[in-house]
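4 is the number of the first residue of the sequence shown in the numbering used here; add one for each residue after it. Built from N, CA and C at the ideal position, the CB exists for glycine as well.
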Amino acid sequence: MFLNKDSESKIDDVTKSQTVKCYTYTFAHPDNPAYKFILIDTPGLSDTNGVKQDDKNIKEITDAAISAGSLSAIVIVANGTEARVTPSIKNTLVRLSNNLPDDLLGNILLILTKCTKSSASFSECAFSKEIAKPKKIFYMDNQFFCTDPEVWKDDEDERFNVEHHWKLSINTINRILETITDLSSTSTKAFENMREYRNKIKAEIDKVTQDITNIQKVQDKLEASQKALQKSGDQKNSYANYTKTETITLNKIVKASYHSTVCSRHMDNIICHDNCGLEMKTSSGTDYFTACYCMGSNNICRFCNCGPTSHYHAMVKLIKETKTLNKVLEDMKAQYDSANQQYQKYSTDANNYQSTLANLQATANAKYEYIHKLCKDLSKICSRFNFVDELHANLDNMRQDARVIQNINIRRNAEAEIQRLEKLASDLSSKRGSMY
Ligand SMILES: [Zn+2]
Ligand SMILES: [Zn+2]
Ligand SMILES: [Zn+2]
């Protein structure tokens with residue numbers, strides 16, 4: 004297993020030509036042929052090909068470990084001059100710690116390349132903290148192997164150096180082989196169990212990210228219908244005054260304590276002479292009312308235009324009565340009705356989306372719960388397994404990858420995927436307390 008295979012790609016001088024499959028080499032111990040070693044060379048992690056490649060490589064490594072049945076040692080090779088824990092190294096450490104079962108943590112050997120014990124600047128502390136304390140650490144200054152023999156073959160000092168380092172490296176390799184011989188072979192069954200859990204988690208995550216997409220879609224629709232609801236509500240309010248109140252004055256004849264002259268043809272709304280001074284005469288049909296103040300010059304009543312014979316006296320008077328009427332403005336009411344209809348529709352829509360959203364959220368929550376359960380079970384095999392950390396490490400890398408994508412559509416898709424995973428990570432961490 005290689006952490007950061009920079010050196011290798013430099014030697015090959017072919018970009019991205021690192022191992023993408025596991026290769027198995029079998030060889031016998033040079034001094035003791037009874038010992039047979041099977042070396043599985045695996046793809047490197049934290050290479051420049053991004054998160055997806057790392058995922059594939061982890062899968063390759065896991066599959067190789069499972070088909071090996073048991074392993075004596077997991078040898079991790081890292082650049083010993085890498086002092087800084089860069090996001091990429093951090094990502095690799097998280098990935099390794101999330102994928103190495105507890106059962107095999109006692110079989111870890113660390114080889115730091117390009118350095119000697121005194122010159123190594125690799126953070127062994129970070130390695131121990133994130134993964135496990137390696138059983139043993141070896142140092143290998145292999146830089147001379149990468150130099151051009153033309154440079155040193157005729158130069159005595161350089162030749163001496165190269166030969167010296169060659170011997171040191173051979174010694175180191177012998178010590179590594181000895182250590183491996185001493186380690187007890189451990190079953191890789193745990194890798195298989197982890198793979199099962201991971202596959203289940205992955206399947207669940209695929210489902211839940213689909214839920215998240217659906218939730219976002221419904222949320223958008225809900226927002227749109229709420230806006231429309233607000234708008235139609237405002238419209239409805241602006242047409243709400245479709246009734247107009249009018250005050251009208253009505254004349255009304257009521258009983259009085261005195262007599263007035265009225266006309267038998269107009270008695271319901273006209274008083275021809277209020278409080279007439281003539282002596283009371285309650286019958287009509289005579290010329291008696293010629294003398295009444297209401298009569299004009301040619302014996303035509305100035306108020307009702309009738310002659311004297313239709314007039315008589317009654318104990319009545321005229322009062323004015325004011326009435327308020329509600330008048331409906333029909334066109335405005337039509338506008339109101341239409342706005343109201345819209346309002347009702349959007350209100351129903353908003354309620355429907357709201358309950359759809361609640362259902363989807365509940366479905367997603369059930370999946371989150373299940374993912375938590377799977378993570379919990381998985382952490383029984385790999386106690387350092389921290390799924391949210393892994394998601395965050397993924398996200399950091401995906402963000403870096405997305406930044407350099409030129410094509411706008413592809414970048415948008417990548418950003419959308421990042422957003423979904425961010426949502427997932429935050430949902431998972433908010434729902435889990437502080438367990439993993
Ligand atoms: Zn009169
Ligand atoms: Zn009259
Ligand atoms: Zn009259």
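- Annotation for Ser260: the continuous beta strand (DSSP E) segment containing it runs Thr246 to Cys266.
- In this structure, the alpha-carbon of Ala243 lies about 42 angstroms from that of Asp214.
- Taken from the Cβ of His316, every heavy atom of ligand 2 lies 7 angstroms or farther away.
- The beta carbons of Thr264 and Cys309 sit no closer together than 8 angstroms.
- By alpha-carbon distance to Ala396, the top candidate from Ile173, Thr27 and Val97 is Val97.
- Annotation: Ile173 to Ala81 spans about 18 angstroms, alpha carbon to alpha carbon.
- Boundaries of the alpha helix (DSSP H) harbouring Ile215: Lys192 to Ser241, taken from the DSSP string.
- Between the region 298-312 and the region 224-239 there are fewer than three inter-stretch CB-CB distances shorter than 8 angstroms, so the stretches are not counted as touching.
- Considering only Ile274, Phe388, Asn254 and Met270, the residue with the shortest C-alpha distance to Lys326 is Asn254.
- Leu424 and Thr212 have their alpha carbons spaced roughly 7 angstroms apart.
- Of the candidates Ile218, Lys336, Ile208 and Thr45, the residue whose Cα lies closest to the Cα of Thr246 is Lys336.
- Closest in C-alpha terms to Leu232, from the list Ile111, Gln345, Gly72 and Thr182, comes Gln345.
- Ranking Ser350, Cys275, Tyr339 and Asn145 by CA distance to the CA of His314 puts Cys275 first.
- By the Cβ-count criterion, Lys156 is exposed, with fewer than 16 other Cβ atoms from all chains shown falling within 10 Å of its own Cβ.
- Taking 8 angstroms as the cut-off, the beta carbon of Glu63 is found no closer than this to the beta carbon of Ser100.
- Glu324: member of the beta strand (DSSP E) spanning His314 to Val331, first to last residue.
- DSSP, reduced to helix, strand and coil, places Thr116 within a strand of the structure shown.
- The DSSP assignment places 53-71 as complete runs of the alpha helix (DSSP H) inside the region 28-94, in order along the chain (cut-off: 4 residues).
- By the neighbour-count definition (other C-beta atoms within 10 Å, threshold 16), Ser131 is an exposed residue.
- In the three-state reduction of the DSSP assignment, Lys284 falls in the coil class, being assigned neither a helical nor a strand state.
- Met401: member of the alpha helix (DSSP H) spanning Phe390 to Arg406, first to last residue.
- For Phe130, the enclosing alpha helix (DSSP H) has its first and last residue at Glu127 to Glu133.
- Cys297 has its CB nearer than 7 angstroms to a heavy atom of ligand 2.
- Scanning its chain for C-beta atoms nearer than 8 angstroms, with the 5 sequence neighbours on each side dropped, one finds around Ser73 the residues Ser188, Thr189, Ser190 and Thr191, in chain order.
- At least one heavy atom of ligand 1 lies less than 7 angstroms from the C-beta of Cys279.
- Going down the chain, each residue whose beta-carbon is closer than 6 angstroms to a heavy atom of ligand 3 shows up: Cys266, Arg268, His269, Cys304, Cys307, Cys309 and Ser313.
- Taking a 10 Å sphere around the C-beta of Asn416, we find fewer than 16 other C-beta atoms and assign the residue as exposed.
- Between the alpha carbons of Ile77 and Gln219 lies a gap of roughly 44 angstroms.
- Between Glu159 and Leu171, the alpha-carbon positions lie close to 18 angstroms from each other.
- Taken through DSSP and simplified to helix, strand or coil, Thr189 comes out as strand.
- Distance from the CA atom of Ile140 to the CA atom of Asp106, rounded to whole angstroms, is 19 angstroms.
- Secondary structure of Lys139 (DSSP, three-state): strand.
- With fewer than 16 other Cβ atoms inside 10 Å of its own Cβ, Thr29 counts as exposed.
- Around the C-beta of Phe163, fewer than 16 other C-beta atoms lie within 10 Å, and the residue is accordingly described as exposed.
- The beta-carbon separation of Ile204 and Leu42, rounded to 31 angstroms, does not stay under the 8 angstroms limit for a contact.
- Distance check between Ser382 and each of Ala353, Arg201, Asn177 and Leu321 places Arg201 closest, using alpha-carbon atoms only.
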